[in-house]
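K.L.:
Residues 59 to 374 (my numbering) make up the sequence shown, in order.
Glycine included, C-beta positions come from ideal geometry on N, C-alpha and C.
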Amino acid sequence: MEPYASKKGGAVFNTTINRYAYCTITPTDDHSMSVHSTDYGKFQAPLDGGPLKLDGNMDLIKAVTNHFEITDGFRMFLQSEAPPGSGLGGSSTVIVSIIAAICEWQGIKLTSMEMAQLAYKLEREEIGLKGGKQDQYAAVFGGFNFMKFNKYGVNVNRVRIPEDTVNELQYSSLLCYTGNPRESATIIESQVDKFNKGQNEVALDKTKEIATSMVIALEKGDIVYAGQLLHEAWEYKKQFSNKVSNPQIDALYQAAMDEGAIGGKVSGAGGGGFMYFICRYDRKYSVAKVLQNMGARVVDYMFEPEGVISWRYPNE
Numbered sequence: 059m060e061p062y063a064s065k066k067g068g069a070v071f072n073t074t075i076n077r078y079a080y081c082t083i084t085p086t087d088d089h090s091m092s093v094h095s096t097d098y099g100k101f102q103a104p105l106d107g108g109p110l111k112l113d114g115n116m117d118l119i120k121a122v123t124n125h126f127e128i129t130d131g132f133r134m135f136l137q138s139e140a141p142p143g144s145g146l147g148g149s150s151t152v153i154v155s156i157i158a159a160i161c162e163w164q165g166i167k168l169t170s171m172e173m174a175q176l177a178y179k180l181e182r183e184e185i186g187l188k189g190g191k192q193d194q195y196a197a198v199f200g201g202f203n204f205m206k207f208n209k210y211g212v213n214v215n216r217v218r219i220p221e222d223t224v225n226e227l228q229y230s231s232l233l234c235y236t237g238n239p240r241e242s243a244t245i246i247e248s249q250v251d252k253f254n255k256g257q258n259e260v261a262l263d264k265t266k267e268i269a270t271s272m273v274i275a276l277e278k279g280d281i282v283y284a285g286q287l288l289h290e291a292w293e294y295k296k297q298f299s300n301k302v303s304n305p306q307i308d309a310l311y312q313a314a315m316d317e318g319a320i321g322g323k324v325s326g327a328g329g330g331g332f333m334y335f336i337c338r339y340d341r342k343y344s345v346a347k348v349l350q351n352m353g354a355r356v357v358d359y360m361f362e363p364e365g366v367i368s369w370r371y372p373n374e
C-alpha cells in the first residue's frame with residue numbers, strides 16, 4: 059500500500075488459485091460496445107465520441123477502452139469466479155483479463171511486467187479504486203511469487219517451492235467464505251490514516267519481515283512454521299486498522315484455532331469476505347466442520363501455477 063511502499067519499501071508473498079476472471083470479446087461491424095457482466099449487469103456506449111466518462115459504472119472496461127483508444131465495435135462478456143468484496147483480488151483480475159483480451163484482439167504486444175503496470179495504473183490511478191499493487195501482478199504472473207515494492211517500481215520473484223511441499227500445503231489449506239462481503243475502501247483509508255499518524259508502522263514493518271520468513275519456510279518445506287507465521291501476521295494485520303476484524307471474524311478464527319488450525323488470515327483488506335487457514339493435516343476436517351456449523355462456507359480450490367492467458371476461438 060502507498061504511502062508505505064514508497065517510503066519504506068513493501069514486500070508481499072502470495073499465490074494464485076483456480077478462481078478465474080473471463081473476458082470474451084466478439085468484434086462487431088459498428089462503432090459501439092455492448093457489455094454483459096454477470097456481476098454488474100449490462101452496459102452500452104458509442105465508441106466514436108471520444109473517451110468514455112469514468113463515473114462508477116463499468117469503469118474497468120471504460121478505462122482499458124480509453125487507454126487503447128478503441129473505436130472498433132465489440133461485444134464483451136465478463137464473468138468472475140471471485141465475487142465482489144471477496145478479498146480475493148477480483149477487480150484486479152478482471153481488469154487484467156480485459157487488457158489481455160483487448161491486446162489479443164487488437165494484436166498489441168505487452169510484456170507481463172507492462173501488463174501488470176498498466177492494470178495498476180488504470181485501476182488505482184485512473185479510476186481511483188483503493189488498494190495495493192500485489193493483486194494486478196499476481197493475476198498477470200500467477201503462481202507463488204515474492205514481490206518487492208518501492209518508489210522506483212516492482213520486482214517479482216518466482217518462488218520455487220518443492221512439488222511435495224505444494225501438495226502438502228494444498229492438503230493442509232482451507233478456504234472459507236464468511237458470508238459477508240466487505241467494502242475495502244474504508245478499511246484502506248483507515249489503514250493509511252493510521253500510518254500517516256505513525257500508529258501502525260511497527261505492525262507493517264513486522265508483516266514485511268514475516269513475508270520474507272514465509273518464503274524461507276516453504277522453500278524448506280516447513281508447513282507448520284508457515285502456519286505459525288501466518289498466525290503471527292494476522293495478529294499484526296489487525297493492528298493495521300480497527301476495521302480489519304470484527305466479532306464474527308474473531309469468533310470464526312478462534313474456533314478454527316481451537317479445532318486444529320495452525321494459523322490463518324482474512325484475505326484482502328479484511329472486514330469480511332474469505333478467510334484462509336493452514337491446518338494440521340489430521341484436523342482440517344474438524345476445522346471445516348466447526349466453521350460450517352458457525353455459518354461459514356468452505357470452498358474447494360487448487361493452487362494455480364499459471365498467470366493470465368488469452369486465446370482466439372473463431373466463430374463458425
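#1: Among Gly107, Thr86 and Asp117, which residue has its Cα nearest to the Cα of glycine 99?
#2: On the CB-based measure, 16 or more other CB atoms within 10 Å of its CB, does glutamate 308 come out buried or exposed?
#3: Would the beta-carbon of isoleucine 156 fall within 9 Å of that of cysteine 81?
#4: So, at 6 Å on beta carbons, what are the nonlocal neighbours of glutamate 374 in its own chain, with the 5 sequence-adjacent residues on each side left out?
#5: Does DSSP put glutamine 228 in a helix, in a strand, or in coil?
#6: Three or more C-beta pairs closer than 8 Å, one from the stretch 89–98 and one from the stretch 126–135: is that the case here?
#7: Exposed or buried, isoleucine 367, counting other C-beta atoms within 10 Å across all chains shown (16 or more means buried)?
#8: Note down the Cα distance separating isoleucine 153 from proline 363, rounded to an integer number of angstroms.
#9: The alpha helix (DSSP H) with histidine 289 in it runs from where to where?
#10: Give me, in chain order, the residues of the same chain whose beta-carbon lies closer than 7 Å to that of glutamate 87; leave out the 5 immediate sequence neighbours on both sides.
#11: For methionine 352, which residues in the same chain have their Cβ closer than 8 Å to its Cβ, ignoring the five residues on either side in sequence?
#12: Glutamine 137 to phenylalanine 298, Cα distance in whole Å?
P.N.:
Judging by the given coordinates:
#1: Per the Cα distances, Asp117.
#2: The question names glutamate, but residue 308 is aspartate in the sequence shown. Burial is judged here by how many other beta carbons sit within 10 angstroms of a residue's own beta carbon; aspartate 308 has fewer than 16 and is exposed.
#3: Cβ atoms of isoleucine 156 and cysteine 81: closer than 9 Å.
#4: Its pLDDT being 47, under 50, glutamate 374 is placed unreliably in this model, and the coordinates cannot settle the point.
#5: In the structure shown, glutamine 228 sits in a helix (DSSP, three-state: H, G or I).
#6: Look at the beta carbons and you see the stretch 89–98 touching the stretch 126–135: at least three pairs across the two are nearer than 8 Å.
#7: Taking all protein chains in view, the Cβ of isoleucine 367 is surrounded by fewer than 16 other Cβ atoms within 10 Å, so the residue is classified as exposed.
#8: Approximately 19 Å between the Cα atoms of the pair.
#9: For histidine 289, the enclosing alpha helix (DSSP H) has its first and last residue at 281–295.
#10: Residue 87 is actually aspartate in this sequence, not glutamate. Gly131.
#11: Here the set comprises Ala309, Leu310 and Ala313.
#12: Those two C-alpha atoms are separated by around 32 Å.
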